[in-house]
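Undergrad: Chains as they are written, first to last, in full-length UniProt numbering: chain D, 1 to 651; chain V, 1 to 249; chain Y, 1 to 353. First, the structure itself, so that you have it in front of you.
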Amino acid sequence: MSSQYASEICTLLVEDNFGELFGRIFSTLLRYNRLPLPRLKHYSGLSERQLHYGLAAMIQHRLVFHYTAYDDGITYYEANIQFSYYLVRSGKILEFIKERLGDYAAAVMSTIMLLGHAQIGYLEDLPELNAHHPISNGVTEEGDVDGEYGSIKEAEDPEGQEGEEGQVNGVNGDYAPSGPSGLLHPTLKTLAAHGYITRVREAHFQSYSDNVLDAERAVKSRPEVKQLKGKKLEEAVLEKTIDLIRERTDGDLTHGLVFNGVPRGAKRSHGTEADGPNKKSRLNYDSVDGDEDIEENEWSDDEMVGDVVPMQLSKSGLVVQVNYEKLDVALRNRRFLELAEKDASPVTSHIYECLLRRIEYQTRCCRDTAEIPREGEEGEQYSAPISLTAVVEEVDPKLDVAGSIAPKDISQPFNRRGKRPLEDGVNGDHHEGPNGVASEGNRIFDIDQHLSLLAQPPYNLTSKRTIGGLTTWTVEFRYLARKLRHLELERMVEARYGDVAFRVIRILHAKGKLDEKRLQEISLLPFKDLRQVLALMQAGGFVDLQEVPRDAQRQPSRTIYLWYYDPDRIRAGMLEDIYKTMSRCLQRLRFERSRMKDFLEKTERSDVKGNEMRYLSEAELKTLQQWKAREALLLGEVSRLDDMVAVMRDY
Amino acid sequence: MSRFGAKRGRKLPGQEFTWDNEPGAEPDTAPTPLFPKYAIPHARTLNPQEQVQVDFYRDLRERFHEGPDYSVLNTASTAARKGEAARANFDPFHGMQSYSGKYQKKQKTLPTLQGRRFILKFFPRELWRVIQPNYKAEAPVDGYLGQMKGAGLKRGFEDDELEEEEPFKRRRGGDDEEEAEGEEGGEKDILEEEEEEQEEEIVDDDFEDDEDEMGGDYNAEQYFDAGDDEYGDDGFADGGGGGGDEDTF
Amino acid sequence: MTSSESGGSTAQLASKLYDECLAKFPPDHLFYQQDLLGLGVVPKNDLGLLLQCTQWLVDQKLFRLLQGKNDRLSWKLISREDAEKLQSLSPDESLVYNVIHSTGRSGIWVRAIQNRTNVHKSILDRCLKSLEGKNYIKSVHNVKYPSRKMYMLAGLAPSEDVTGGAWFTDGVLDANFINTIATYIEYTVSRKSWFEVPSSDGPRNKRIKTSSGAAVKQDAEKEYLAFPPGYKGYPTVSMITAAVNESGLTPVRLGEDSIAQLCDVLCYDNKLVAINGGEFYKSTKNPEAVKQEQMRKESNQEPADTSRELVKNGMTEAPCGQCPVFKLCTPGGAVSPESCEYFGPWLEKALGF
């Protein structure tokens with residue numbers, strides 16, 4: 001399942017974040033796929049104790065799957081390549097959360113990541129999340145981390161009790177608005193409502209194939225299934241297995257937290273547009289606290305009903321984890337938005353962002369299939385339709401939506417601030433507000449116009465649907481995901497081989513297989529240039545030549561040569577190259593670090609850290625700063641490469 | 001001509017397909033340099049958004065490093081593979097302890113499990129005793145066992161097996177500790193030993209505490225404590241080699 | 001005598017017939033028997049007489065005998081000058097000339113002439129040489145079969161199939177010409193694709209920012225707005241063609257087909273976008289951006305940072321992305337991330353230290 005380079009980068013990531021012990025266990029599991037403890041011990045050369053501790057901690061971080069066979073009771077361990085890979089995306093996710101939901105939410109998320117999965121009750125006890133002043137910038141002071149684990153021991157019993165009491169108070173709406181735990185719960189709920197965190201289920205700790213086996217076994221033993229035979233049996237098993245897996249792995253927490261398609265605690269996108277003073281208090285605590293009573297109850301009610309395991313532990317026993325699937329949806333929307341920003345006006349992009357946000361709320365994952373389907377074999381898949389009025393609601397009311405589209409008729413005098421006369425009179429009864437803002441009807445029409453603009457080629461970022469007389473807007477996910485992929489590949493071609501190659505690739509992509517002559521006619525390129533660029537691209541693996549002999553002798557002179565471009569194949573190869581490049585960057589980073597080892601160890605000494613100004617000379621400070629910049633560039637590069645992986649693999 | 005021929009004879013396979021067929025490039029007949037010149041691309045500087053992302057990554061990574069799970073492999077540990085010259089790697093200049101060593105970042109060789117709350121049902125049974133030292137099969141621990149049973153029932157089709165498995169697996173957990181000392185334990189040994197060791201399992205209950213008090217066979221602490229009498233007997237072999245020159249971060 | 005008399009009268013009658021045809025029909029008309037009789041020149045619609053006349057005209061090379069629909073006989077006029085030319089030809093030459101004539105603007109391959117005339121190769125060569133010498137025919141270059149020797153009448157312009165369209169000069173793609181026209185088209189289309197905000201409105205303060213926080217349009221001297229969806233003012237192919245032909249950039253008039261072809265190429269270049277399936281064209285960049293890009297290309301400068309970013313992604317900017325020894329690179333190998341000689345300069349280039 002996992003290729004050489006995917007394994008390499010995942011092992012590196014595990015090592016980079018958790019050290020060599022995890023790395024050794026992880027790479028051994030990757031190499032041998034699935035091992036029981038004794039074999040693992042044998043292959044890894046680690047002691048039993050190292051394995052016990054290591055595996056336990058790795059399971060906590062969901063880096064390792066485990067599965068206990070029913071027949072022999074032997075527990076097998078397997079590397080979780082997906083989750084280990086997601087380590088690389090942590091920075092991106094946290095930055096996204098910060099942008100969307102503020103610093104504190106990012107801090108909470110970061111802590112959940114730190115813990116692998118976390119019980120709500122446990123989070124309640126963490127001093128870092130309950131500090132009076134939310135940690136700025138989502139970055140924890142070093143001291144806090146130590147304190148955190150130190151305090152856990154004490155917190156274990158009596159404190160936990162108190163935490164629950166705090167909860168009870170919360171239910172009654174007795175939160176002190178700025179009190180320590182006042183922030184945590186609303187934030188967690190907001191994260192849950194957005195789907196950014198989900199409940200951890202036992203099935204999550206088994207690999208997908210093990211879950212399939214389990215579910216199949218369970219389904220087959222059901223009395224009503226046992227009666228079936230032949231084809232019917234197969235079908236029933238298949239269908240019910242899928243259902244059962246879905247049921248077992250479903251960690252959805254959004255239920256009851258989404259109102260009118262908007263998650264609880266979501267801030268309007270124009271919240272982010274606000275400047276200066278508002279920016280700091282993005283999290284609108286007032287409103288959150290305002291409806292605390294009702295929602296708190298819903299949260300807990302839902303808890304009791306929805307959970308399969310009876311909750312004897314009070315609701316704080318709920319265990320949550322980061323929902324990478326959903327975050328991929330959000331990050332993918334960001335890419336779509338970037339496409340829009342390239343060509344469209346800022347106003348149009350903003351409106352697109354509003355639409356995408358509404359869509360994100362209703363999209364669970366990027367696609368239904370595990371693998372990206374082959375080109376041309378992929379069906380259309382539209383997002384949930386969002387009614388125009390919902391988009392309008394989302395758009396910043398202060399935004400001038402009229403002045404950023406040109407008049408239909410150039411001869412008309414053009415005025416700013418929405419005073420443009422609507423010559424086609426879509427809304428006959430339009431009248432302007434006192435301060436020159438167009439009326440509601442015009443506003444809806446204008447926003448619709450912006451969305452229509454986005455629907456145009458080349459990107460077709462939106463599409464309009466009228467459902468029962470109601471105008472709605474959707475996004476064709478698969479088409480756009482493909483578009484992103486093609487753009488990345490085209491970008492590679494253009495950067496490597498120039499704009500001639502870019503043209504050729506796009507022609508081959510649009511027209512299919514072509515012989516040289518036809519290709520020249522369409523591309524209007526001189527033969528010399530054309531041949532040269534084709535040969536280069538063939539060497540680079542971007543185009544291929546198919547030979548179609550016209551007779552059985554297969555003489556070269558009687559053979560037609562067709563050039564073609566196969567994005568699927570290139571994508572697969574490219575993905576490997578990207579993994580490899582990521583690995584090289586991380587390895588280089590490690591090497592660079594080892595070159596400065598002594599110096600860096602000095603800066604990390606417990607007495608120096610945090611007191612750099614006092615202990616380090618000016619030259620040293622400069623070296624440190626340069627090192628940080630170098631590290632940042634290499635990590636940033638890895639993160640950019642990850643953007644490509646996301647496009648080629650996840651979206 | 002003959003020169004060409006001679007060269008061709010020595011040409012590495014695949015060399016004709018290398019990068020040098022760029023337009024205008026001269027044909028490469030010289031031995032390939034290890035790192036041929038090429039126009040190294042220019043990386044964009046990180047934009048503010050990317051900078052934030054990188055900082056978040058670094059921050060989280062640092063929290064992992066400071067956290068309970070980050071652990072390195074100790075070359076001096078029993079796990080060092082034979083043939084891997086761990087001791088030969090000892091750095092006589094930096095391996096020595098120095099006063100400032102006490103400020104040096106300490107590196108663990110095992111994750112710290114103690115004092116953390118684990119949710120038993122998410123872990124395989126053979127590890128329960130590791131993460132919950134006072135775990136006893138019979139008594140429900142913090143209600144988790146009850147849950148586990150509930151979860152087991154939910155599966156429906158395998159309760160019987162489950163009940164049978166329990167003692168069996170616990171036994172295995174006990175054995176594992178024995179194995180820790182004797183290096184090359186295989187599956188068969190465990191199965192054989194199981195019979196004999198059945199009675200011993202109660203003793204194993206405080207296996208965790210023992211380990212923690214002894215500090216195991218790794219020497220992070222030892223290393224720093226030993227800072228005063230750095231010329232102690234095994235200062236080189238054990239303390240120095242382990243703490244100092246592992247190439248990790 | 002009677003024969004000569006009748007011959008004389010036939011000649012007179014035929015001349016009259018020829019003049020009438022010339023006067024009453026377009027030169028390219030295909031005459032059937034009825035058309036000729038309808039002129040009322042031949043008395044009593046005497047078919048025999050008509051036949052004699054047409055035969056005489058054909059002999060005089062004033063008429064060309066053709067086979068019309070349903071195998072009926074039909075004729076076409078030949079101008080007197082051409083007839084004179086033809087009369088001076090030897091029978092072989094005449095034969096060859098007619099074959100070449102019949103293929104019109106597509107021209108004909110020498111071997112095909114030989115097949116159709118059954119004239120011996122050496123004679124054919126002599127005929128072709130003499131015809132070419134008299135400037136009656138010319139050899140043409142066919143883009144599709146560059147190695148074939150082809151001929152067509154000297155007075156005809158080769159069809160686009162032969163030349164490959166307006167973009168070929170002597171069968172070779174004229175890249176410079178194409179680029180000139182393409183540049184012109186992009187700019188022209190661009191000017192009609194964006195609405196330039198009248199400067200009286202003044203540069204708008206940029207209170208709208210993208211999510212990344214960066215203002216999209218910095219101090220916009222000129223501000224361009226997109227036209228609303230369904231806008232009909234985008235240029236069509238015929239508008240573009242007209243503009244190109246008036247621009248003085250092209251020595252020959254370019255047809256709409258050629259321009260459409262070039263517009264398609266510009267679409268592949270991602271410079272234009274076809275709207276409504278090619279009814280209109282719209283440029284992806286606004287005029288200002290087009291101008292800058294084109295100026296940059298002309299001066300062959302390093303691309304500006306912004307435009308360079310468009311072709312950048314993680315792979316293209318990583319030192320490994322185009323590394324010549326990428327395939328060989330393994331940790332611990334001779335080529336390895338540790339020994340890599342590219343990372344150092346790469347970091348230095350980006351960071352400046």
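All C-beta atoms, glycine included, are put in the ideal place defined by N, C-alpha and C.
Mind pulling the chain Y residues with CB within less than 7 angstroms of D/Ala69?
TA: Those within 7 angstroms of D/Ala69 in chain Y number zero; the least Cβ separation is about 36 angstroms.
Undergrad: Run down chain V in chain order and give the residues with a C-beta less than 7 angstroms from the C-beta of D/Val500.
TA: Result: empty, since nearest Cβ-Cβ is about 11 angstroms, beyond 7 angstroms.
Undergrad: How should Y/Thr169 be labelled, buried or exposed, when 16 other C-beta atoms within 10 angstroms of its C-beta is the threshold for buried?
TA: Burial call: exposed.
Undergrad: What does the alpha-carbon distance come out to for the pair V/Asn134 and D/Gly317?
TA: Whole-angstrom Cα-Cα distance: 20 angstroms.
Undergrad: Taking V/Ala39 as the query, report the chain D residues whose CB atoms sit under 7 angstroms from its CB, ordered along the chain.
TA: The contacting residues do not exist; V/Ala39 stays about 11 angstroms from chain D at best.
Undergrad: Chain B partners of V/Pro36, CB-CB under 9 angstroms?
TA: Structure shown: chain B not included; protein chains present are D, V and Y.
Undergrad: So, Y/Ile137 versus Y/Ala154, is the Cβ gap smaller than 7 angstroms?
TA: Taking 7 angstroms as the Cβ cut-off, Y/Ile137 and Y/Ala154 qualify as a contacting pair.
Undergrad: Which chain D residues are close to V/Tyr135, counting only those with a beta carbon under 7 angstroms from its beta carbon?
TA: The premise fails here: V/Tyr135 is roughly 12 angstroms from chain D at the closest Cβ pair, so nothing lies under 7 angstroms.
Undergrad: Using C-beta distances below 8 angstroms, list every residue in its chain close to Y/Ser336, excluding the 5 sequence neighbours before and after it, in chain order.
TA: Cβ neighbours of Y/Ser336 beyond the five flanking positions: Cys329, Thr330.
Undergrad: Let me know if Y/Asn115 comes out buried or exposed under the rule of 16 or more other beta-carbons within 10 Å of its beta-carbon.
TA: Flag for Y/Asn115 reads exposed.
Undergrad: Would you give the residue range spanned by the beta strand (DSSP E) that Y/Trp75 belongs to?
TA: Note, Y/Trp75: beta strand (DSSP E), 73-77.
Undergrad: I want to verify the contact list: residues of chain D whose CB lies under 8 angstroms from the CB of V/Pro111, in sequence order.
TA: The contacting residues are Leu21, Tyr53, Gly54, Ala56, Ala57.
Undergrad: Give the interface partners of Y/Val335 over in chain V, defined as CB-CB distance under 8 angstroms, in chain order.
TA: Those are Leu34, Phe35, listed as they occur along chain V.
Undergrad: Quick one: Cα of Y/Leu77 to Cα of Y/Glu93, how far?
TA: Y/Leu77 and Y/Glu93: Cα-Cα distance of roughly 20 angstroms.
Undergrad: Check each candidate in D/Val543, D/Ala539, D/Ser44, D/Leu337 and name the one with the smallest Cα separation from D/Arg31.
TA: Closest option to D/Arg31, Cα to Cα, is D/Ser44.
Undergrad: Going along the region 265-288 of chain Y in order, which residues come within less than 9 angstroms of chain D, judged by CB to CB distance?
TA: So the list reads Val265, Cys267, Tyr268, Asp269, Asn270, Val273, Ala274, Ile275, Lys282, Thr284, Lys285, given in the order they occur along the chain.
Undergrad: Quick check: is the beta carbon of Y/Phe343 nearer than 7 angstroms to any beta carbon in chain D?
TA: Taking Cβ atoms only, chain D reaches closer than 7 angstroms to Y/Phe343, which makes this a yes.
Undergrad: Using a cut-off of 7 angstroms between C-beta atoms, extract the partners of Y/Gly321 located in chain V.
TA: The contacting residues are Pro41.
Undergrad: The alpha helix (DSSP H) spanning D/Ser404 covers which residue range?
TA: Run containing D/Ser404: none; DSSP gives neither H nor E here.
Undergrad: Show which residues of chain V have a CB atom less than 8 angstroms away from the CB atom of D/Met113.
TA: Per Cβ cutoff of 8 angstroms: Leu60.
Undergrad: Under 7 angstroms between C-beta atoms, does V/Pro48 make it to chain D?
TA: Not an interface residue.
Undergrad: Ignore the nearest five residues each way along the sequence and tell me which others in Y/Val58's own chain have a CB closer than 8 angstroms to its CB.
TA: Here the set comprises Arg64, Leu65, Trp75.
Undergrad: So, does the CB of Y/Leu173 fall closer than 7 angstroms to a CB anywhere in chain D?
TA: Yes - at least one Cβ of chain D is within 7 angstroms of the one on Y/Leu173.
Undergrad: Just how far apart, CA to CA, sit Y/Val70 and Y/Tyr18?
TA: Correcting the residue type first, residue 70 of chain Y is Asn in the shown sequence and not Val. Straight-line Cα distance between these residues: approximately 24 angstroms.
Undergrad: Listed from N- to C-terminal order along the chain, which residues in the region 5-38 of chain D have their beta-carbon within a distance smaller than 9 angstroms of any beta-carbon of chain V?
TA: Here the close residues are Glu15, Asp16, Asn17, Phe18, Gly19, Glu20, Leu21, Phe22, Gly23, Arg24, Pro36, Leu37, Pro38.
Undergrad: Do you know offhand how far D/Arg199's Cα is from D/Glu247's?
TA: Roughly 12 angstroms separates the two Cα atoms.
Undergrad: Could you confirm whether any beta carbon from chain D is found closer than 7 angstroms to the beta carbon of Y/Leu51?
TA: Output row for Y/Leu51: interface = no.
Undergrad: Have a look at the DSSP bridge pairing and note the partners of Y/Pro235.
TA: Its beta-bridge partners do not exist; DSSP assigns none.
Undergrad: Given that a residue counts as buried once 16 or more other Cβ atoms are within 10 Å of its Cβ, and exposed if not, what is D/Ala266?
TA: Buried.
Undergrad: Give the secondary structure of D/Ala69 by DSSP, where H, G and I count as helix, E and B as strand, and everything else as coil.
TA: Looking at D/Ala69 - three-state DSSP - the assignment turns out to be coil, as it is neither helix nor strand.
Undergrad: Kindly provide the ranges of any alpha helix (DSSP H) runs that are 4 or more residues long and lie completely inside the region 25-93 of chain Y, ordered along the chain.
TA: With a minimum length of 4 residues, the continuous alpha helix (DSSP H) runs that stay inside the region 25-93 of chain Y are 33-38, 47-59, 80-87.
Undergrad: Quick check for students: name the residue ranges of the beta strand (DSSP E) that lie wholly in the region 276-341 of chain Y, counting only runs of 3 or more.
TA: Entirely contained in the region 276-341 of chain Y, the beta strand (DSSP E) runs reaching 3 residues are, in chain order, 280-283.
Undergrad: Pick out whichever of D/Phe336, D/Tyr67, D/Phe18 has its Cα sitting closest to the Cα of D/His61.
TA: Closest by alpha carbon: D/Phe18.
Undergrad: Just to check my reading of the structure: V/Glu50 and D/Gly636 have Cβ atoms closer than 8 angstroms, yes? What is that Cβ distance to the nearest angstrom?
TA: Yes, they are in contact, since the Cβ atoms of V/Glu50 and D/Gly636 sit about 5 angstroms apart, within 8 angstroms.
Undergrad: Which chain V residues are close to Y/Trp346, counting only those with a beta carbon under 9 angstroms from its beta carbon?
TA: In chain order: Ile40, Pro41, His42, Ala43.
Undergrad: What did DSSP end up calling Y/Lys138 once you bin it into helix, strand or coil?
TA: Three-state result, Y/Lys138: strand.
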